[in-house]
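**Q** One structure is given below, represented as C-alpha cells, and several questions about it will come after.
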C-alpha cells in the first residue's frame, strides 16, 4: 500500500493518483509557483516604499502570513521591522516575541547560529517566556543532532518555568531518543548512510512498532494543543486539520490495542530508492508516489535490489522532526482507511528505507519504503 500526506489536511492522503504526471499539470504547477513569486516580489517593493507608514499590527499580520506560506526571506524582513519598532519604543514583550519569531524563521532557513542568537537575546530580557528555551532545544536536536545540549536547554527552561508542559514534553522525547541511540550503538546498528534525522525516523518508527502503548502517551500530549480543527503547537505555524482531536483519540485507541510488531531493519538500497523520489519531487514540487519519469515505488525499489513478500511506501510532507513525522502518519488525519498507519504497523514488513529532504511547496518531505525482505544488488 502506498500512502502520502500533506499538512493541508494534517496528513490528508493525496496519493490516489496513477500514471505519469502530465506536462500540463507540471506547467500549471510552475505557473502557480511563478505567480506566487511575482506576488511576493510586488509585496517586497511595497514594503520598500511604504514601510514607514505600516502599522505594527499590519507588519505582524504580513510577517505571520509570510511565515505560514514559507516565504522565509520576507518573514525575516518583517519580523526585523517589528523588532526595530519594539526596541525604539522600549516594548519588552514585543521585542521578545519578534526575536522568537525571527529565531523560528532562521531555524527553518537552516541558519541555526542566528536562531540561537535571537533566543539568547530574548532570554537576556528576563521576560517570562519559555519559547526561547524550547527553540534552542529544537535547534540543538534537529539542527545539530546534539541531544545532550538540547536536554540542557530544556532543563534550564524548566528551572525558570517549573512544570512547563511543552518543555517537559520535549525533554521526554529527548530521553527516548537518547535511550534508542544507546541501544542502537550497543548493537552496532548505526546506519551511516542515513542522515541524523533519517536515523531518528527509523528509531522513532521502531519505538512505535515495538512499544505502541508507550507511544500512545506522546499522542495524548498533543490533545491540549487542538482548538477545534486547528492544531497550535508551540513554536510552530498553526495547522488546519480535517478531523481535529477525534483522529488523535482514535489513533490512541488503536495504539492501546494493537499487538507490538518487530523492529524494522534499515536498508541502503531501499533508502536510495526513497532518496530518488525525494530528489525528484524536490525539483518538480509534485506530491504522490508516481515519479516524474512515471516510476512507481516498486520500480524504484527494484533499481537497487529485489523486494520480497510485499512492499509499500509512506510519504509525509511539511514536518521537520522525526517525532512529528511518525505521529503524523499514525494519526493519519483525513485518510478513511488509515493507510499510513496500516503500513507502519504491518508485522509482515521487516525492512525499511528512509529519505528526508526539502520540498518547494511543503518545505520538507520524508519518504519511507517498506518490504517483507530485500536483497541488495551487488555494488558495481
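Residue numbers (the working numbering): 236 to 615.
For each residue, glycine too, the CB sits at the ideal point set by N, CA and C.
Just so it is clear, the structure is predicted and the values come from calculations on it, not from any experiment.
From the DSSP secondary-structure annotation, give me the bridge partner or partners of residue 610.
**A** In the DSSP output, where bridge partners are listed per residue, residue 610 has 541.
**Q** Mapping DSSP to helix, strand and coil, what is residue 312?
**A** Here residue 312 sits in helix by DSSP.
**Q** Along the alpha helix (DSSP H) that carries residue 392, what are the first and last residues, could you check?
**A** Counting along the chain, the alpha helix (DSSP H) containing residue 392 begins and ends at 382 to 395.
**Q** Which partner residues of residue 587 appear in the DSSP bridge assignment?
**A** For residue 587, which the question treats as bridged, DSSP gives the partners 501 and 605.
**Q** Give the secondary structure of residue 512 by DSSP, where H, G and I count as helix, E and B as strand, and everything else as coil.
**A** Residue 512: helix per DSSP, three-state reduction.
**Q** Cβ of residue 352 within 8 Å of Cβ of residue 432?
**A** Taking 8 Å as the Cβ cut-off, residue 352 and residue 432 do not qualify as a contacting pair.
**Q** Leaving out five residues on either side along the sequence, give the residues of the same chain with a beta carbon under 8 Å from the beta carbon of residue 408.
**A** Same-chain partners within the cutoff: 453 and 558.
**Q** According to DSSP, residue 408 sits in a beta bridge with which residue or residues?
**A** According to DSSP, residue 408 bridges with nothing at all.
**Q** Taking the C-alpha atoms as reference points, what is the distance between residue 331 and residue 463?
**A** Using only the alpha carbons, I get a separation of about 28 Å.
**Q** In angstroms with no decimal places, state the Cα-to-Cα distance between residue 334 and residue 541.
**A** Straight-line Cα distance between these residues: approximately 51 Å.
**Q** Thinking C-beta only, is residue 589 closer than 8 Å to residue 508?
**A** Against a cut-off of 8 Å, the Cβ pair of residue 589 and residue 508 comes out as no contact.
**Q** On the three-state DSSP scale, how would you describe residue 549?
**A** In this structure, residue 549 counts as strand in the three-state DSSP scheme.
**Q** If we ignore side chains and look at the alpha-carbon of each, how far apart do residue 526 and residue 470 end up?
**A** Cα-Cα distance, rounded: 33 Å.
**Q** Do three or more CB pairs link the region 438 to 452 to the region 495 to 503 at distances below 8 Å?
**A** Yes: the two stretches touch, three or more of their Cβ pairs being nearer than 8 Å.
**Q** Counting beta carbon pairs with one atom in the region 564 to 575 and one in the region 509 to 525, are three or more of them shorter than 8 Å?
**A** The region 509 to 525 is not in contact with the region 564 to 575.
**Q** Going by the beta-carbon positions, is the gap between residue 375 and residue 367 smaller than 8 Å?
**A** Cβ distance not < 8 Å, so residue 375 and residue 367 don't count as in contact.
**Q** Taking DSSP as the reference, what is the three-state secondary structure of residue 599?
**A** Strand at residue 599.
**Q** My output table needs one value for residue 592: the three-state DSSP class, helix, strand or coil.
**A** Note: residue 592 maps to strand in three-state DSSP.
**Q** Closer than 8 Å by C-beta to residue 607: which residues in its own chain qualify, once you throw out the five before and the five after it? Chain order, please.
**A** 542, 543, 544, 545, 546, 583, 584, 585 and 586.
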